[in-house]
Each structure stands twice: as C-alpha cells, then as structure tokens.
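Asks: I have a structure here, written as structure tokens, and I will follow up with some questions on it.
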Amino acid sequence: MAYISEVNTSFSHDMDDEYEKLRRRMNPPRVVIDNEACKNATVIRVDSANKHGILLEVVQVLIDLNLIITKAYISSDGGWFMDVFNVTDQDGNKVTDEGILDYIRKSLGPDSCFTSCMRSVGVKPSMDHTAIELTGSDRPGLLSEVSAVLTHLKCNVVSAEVWTHNTRAAAVMHMTDEETGCAITNPERLSRIKELLFNVLKGSNKFSGAKTVVSHGITHTERRLHQMMFADRDYERADDDALDDKKRPNVNVVNWYDKDYSVVTIRSKDRPKLLFDTVCTLTDMQYVVFHANIDAEGPEAYQEYYIRHIDGSPVKSDAERERVIQCLEAAIERRISEGLKLELCTTDRVGLLSDVTRIFRENSLTVTRAEVTTKAGKAVNTFYVRDASGYPVDSKTIDSIRQAIGQTVLKVKSPEDLKPVSQESTTRFLFGGLFKSKSFVNFGLVRSYS
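Using the UniProt record's numbering, you'd call the opening residue of the sequence shown number 1 and step up by one each time.
Right, dumping it as structure tokens:
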C-alpha cells in the first residue's frame, strides 16, 4: 500500500506540473515597459496567470535591481494577475539602461520561470561558498564574537547581512575555506562550526532560542532574514516596551464585510525596499493580496492592501488582527537603520570582518545592522553602530576607530549624527587602552573552544 501511495503522490505532482505548464502556455506572462507614459518614472506593467506568492516574486525582481518603486497598483481577482509599477533608479531618474530593461523582460516575461517557483533572483546554486544562518539574542559585541570564531576556524566571510530588532539578531553569512577559497563541505568541520557558533549565540542564556543552519542551496538573503526573525517571534513586544508610539509605523486592519476582504493600511516614513518588506511578510503569513495601492512619492509612504487568508477568509478575530499589525510593524522596523552609518572600503583579506568588529567592540560600539560584500578582491562593508550604553556616538570615539582602521578606509556616512565630545566621552576615550588589553583575553577565550 505504501508503494501505491508513493506512485499516486508522484502522479498527482506530475499532473500539477503539467497543468501549470499548460496554463502558462495558454496564458503567458506579458511585460510592458513604458518610458513615455509618466513624466518622472518608468512604468512597468506585468500581466500573468495568478498564483500565491507571485506579487512577492515580481517585487523581488525590481528590488534586487535596486529600483525605487514610487507608485504601484495591484489587482489579482480571479485567475489573472495585473501589476503596474512606477519605478526610478537610485538617483530618481527614469530607467533607461537597456541591459536592465531587457533583464526585467526576461525575468518576468514568457521565457521566465518566476511563476513556477519561489526563486531567488541573482543567486545561483553554487559550490563557491557555504551559507550559514544564525539567530539568537542580540547583545553588544555579538558580531565580533561570531566573526572571531569563523576566523579561528579558518573560514573567510565573503558576504553577510546582519539584522537586529527587538532584542533579537539574525544573520545570513556566506563563507569559504581560507585555504582553498571554495565552499566548506566536510561534514565534521561543518558540525564543529555549527557547534561553536551555537555556543556563542547562546552565551550564558540557556533559553535564548539560538539557532544555526548550514546550507549549500539557494537563499535570497533578505527574504530569509525576514523569515528567520518572523520564526524567532521578534514581533512580540514586552508590556513595558518604552518605544514611542510616534516612532512606530501606523498600521491598521479593518474588515470590509460586503466584499469579505480585510483592508490593511500602512503609513510610515518612506525608504528603499519598504514594499518588499511588507509584501514579504504578508506572503509568509499566508495572506493573499487581491488589490493594493501604493504611493511613495513623498517622504511618507502609504500602502493599502485588500487581503484574505490563503483559506479564503478575512481576518477572523481581534487576536489575529493584532498579530498582523505587530508582524507588519516588525517587518518595517527590522530594516530601519538605527545608529551611525560607517562604510569600509578596502582590499579584502581573511579576518577583515573579525578585526574591524573587534575594534568597534573595544571602543564600546555595538553593530545594529551590517552589510558585507566582496567583489574583485575589494571589500565594501556598511555598518550601523551605536554606543553600547545607548548614548549617541561621540566624534572622539570615531576618530579613534578611524585611526585604528585607516582614515581613508573607513568613512562616516552620516556625520550629522555624531555627538560632540564631552568630558564624559573624553574620559572614556582615555580608558580605551583597557578595552584593547582585554581583547587579547577575549580572543583567547575563542581559541579555547578548539
């Protein structure tokens, strides 16, 4: 009987695939790109057979090209899906690069595969690197400790993205073997890496919910970070959370009973990738967007979604409504960059991330978000840092860090956020040597793992 069940399951799956291919041949996706219809934006229209998750896939293609979505209209009632996007480049100009326009047509048009699978744009399965996913409680110096362990284990971090939100931290890191420059495949070595990183993430808290996962497959970094933090329940706030309500995005959910929809409205400060963050969360929470209006032409973005759960029902209870609000607030806040923005550009080398984050830790700075990239032997890393005690970063501390790393290597991207030097900060700078002397002890602790 088990054999028959397996055959039937396989047959059903194959039939579903064939039906999907037939429907696609009869109703191929259509992409129209118009640079004349709007004065200050490129208009992109996508028509396709409808499927759960298709909106996220289309938005992901545009966002991965670093395009800014200023307006959007979405309609997907019935079996057909239609999107209209107004987009610009990073400088606010129309998109005229034929290479980019051709990529959009190929990625979303008849020859694409975007309706058949939740794929990752721009990321190909490869044995060039090993991906490791980390989640745990956030604390000052955590990225420094993680990168120090990887350096000690002869792993080179070639790219990484780190998010922190509501006392939680998540990271997706791509690493290679220091000696070969290729992916790490030895099961015993991978098990050792996971064990030591788990110990770092867990720290002294046995109930921190630390987790490490190693993968060689496809991963869309930002989508995975949303999924990881959602699974880690970073949207749950303590009752005594003192965050000013005025700083939170304005999220509201009401039911439109005549049409059996729930209407979600969001007002927040606009920023790149905001639409991706909200659509990603609605999709992963198993909600279907039937209609949507997006307006992000001013400093404030307005988003309106008409949704139902994947089972066809609107939001059923006050508890579900509150959860939707909390999860969308968290999705928006995760990417909000708290702290001073620092950009490092230099020749890449093994241990670079470990050395830089150690210097941050020695100067009492904590990393709230980080993006690490390497290309053609160059490392371009962006860090958002703040004082570990919660105070604004003072200019004397940054001067000390730039002297240690290199004045031309590390640049302050938002100098207006620096706090002038005070007597207190000067005193702390004088004791900077104490932190430096302790760093050798801390690094010794890392080495004692082996």
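Just so you know, even glycine gets a beta-carbon here, dropped at the ideal spot from N, CA and C. All values reported here derive from a predicted model rather than from experimental measurement.
Val-58 lies in the beta strand (DSSP E); which residues open and close that run?
Replies: That residue, Val-58, is in no beta strand (DSSP E); its alpha helix (DSSP H) goes 54–64.
Asks: Report yes if the C-beta distance between Lys-202 and Glu-178 is below 9 Å; otherwise report no.
Replies: No, these two residues do not count as a Cβ contact at 9 Å.
Asks: Anyone know if the C-beta pair for His-291 and Ser-76 falls short of 9 Å?
Replies: Cβ distance < 9 Å, so His-291 and Ser-76 count as in contact.
Asks: Please tell me whether Leu-108 and Val-61 are closer than 9 Å, where the distance is taken between their beta carbons.
Replies: Yes. Within cutoff.
Asks: Which residues in the same chain as Gly-79 place their Cβ atom closer than 7 Å to its Cβ, once the five residues preceding and following it in sequence are excluded?
Replies: For Gly-79, where only same-chain residues beyond five positions count, the Cβ hits under 7 Å are Ala-49 and Asn-50.
Asks: What does DSSP give as the partner residues of Thr-281 in its beta bridges?
Replies: Note: Thr-281 sits in no beta bridge, so no partner.
Asks: Return the residue from the list Gly-298, Tyr-391, Ala-301 and Tyr-261 that minimises the CA-CA distance to Val-289.
Replies: Here the closest residue by C-alpha is Tyr-261.
Asks: Go ahead and label Asn-93 buried or exposed: buried means 16 or more other beta carbons lie within 10 angstroms of its beta carbon, across all protein chains shown.
Replies: Burial call: exposed.
Asks: In the structure shown, what three-state DSSP assignment does Gln-403 receive?
Replies: Note: Gln-403 maps to helix in three-state DSSP.
Asks: Taking DSSP as the reference, what is the three-state secondary structure of Leu-153?
Replies: The answer is coil: DSSP assigns Leu-153 none of H, G, I, E or B.
Asks: Whole angstroms are fine: how far does the CA of Leu-328 sit from the CA of Gln-303?
Replies: Going by the C-alpha atoms only, they are around 12 Å apart.
Asks: Look at the alpha carbon of Val-200 and the alpha carbon of Ala-330, and state the distance between them as a whole number of angstroms.
Replies: Between Val-200 and Ala-330, the C-alpha separation is close to 25 Å.
Asks: Buried or exposed: where does Cys-182 fall if 16 or more other Cβ atoms within 10 Å of its Cβ makes it buried?
Replies: Exposed.
Asks: What are the boundary residues of the alpha helix (DSSP H) that includes Asn-35?
Replies: Here Asn-35 belongs to no alpha helix (DSSP H), and DSSP marks it neither H nor E.
Asks: Would you mind giving the Cβ-Cβ distance between Asn-255 and Val-324, rounded to the nearest angstrom? I have them listed as a contact below 8 Å.
Replies: 12 Å between Cβ atoms; not a contact.
Asks: Per DSSP, what kind of secondary structure is Thr-426 in: helix, strand or coil?
Replies: For Thr-426, the predicted structure reports a pLDDT of 36, less than 50, and the residue's modelled location is therefore unreliable. A value from the coordinates is still provided. It is helical.
Asks: Tell me which same chain residues have a C-beta within less than 7 Å of the C-beta of Leu-352, skipping the five on either side of it?
Replies: Excluding positions up to five away in sequence, the list reads Ala-379.
Asks: Does the stretch 225–238 come close enough to the stretch 298–312 to have 3 or more Cβ pairs within less than 8 Å?
Replies: Taking 8 Å as the limit for Cβ pairs, the verdict is that the stretch 298–312 does not touch the stretch 225–238.
Asks: Reducing DSSP to helix, strand and coil, say where Gln-286 ends up.
Replies: In the structure shown, Gln-286 sits in coil (DSSP, three-state: anything other than H, G, I, E or B).
Asks: Need the endpoints of the alpha helix (DSSP H) that Val-200 sits in, please.
Replies: First-last of the alpha helix (DSSP H) with Val-200: 187–202.
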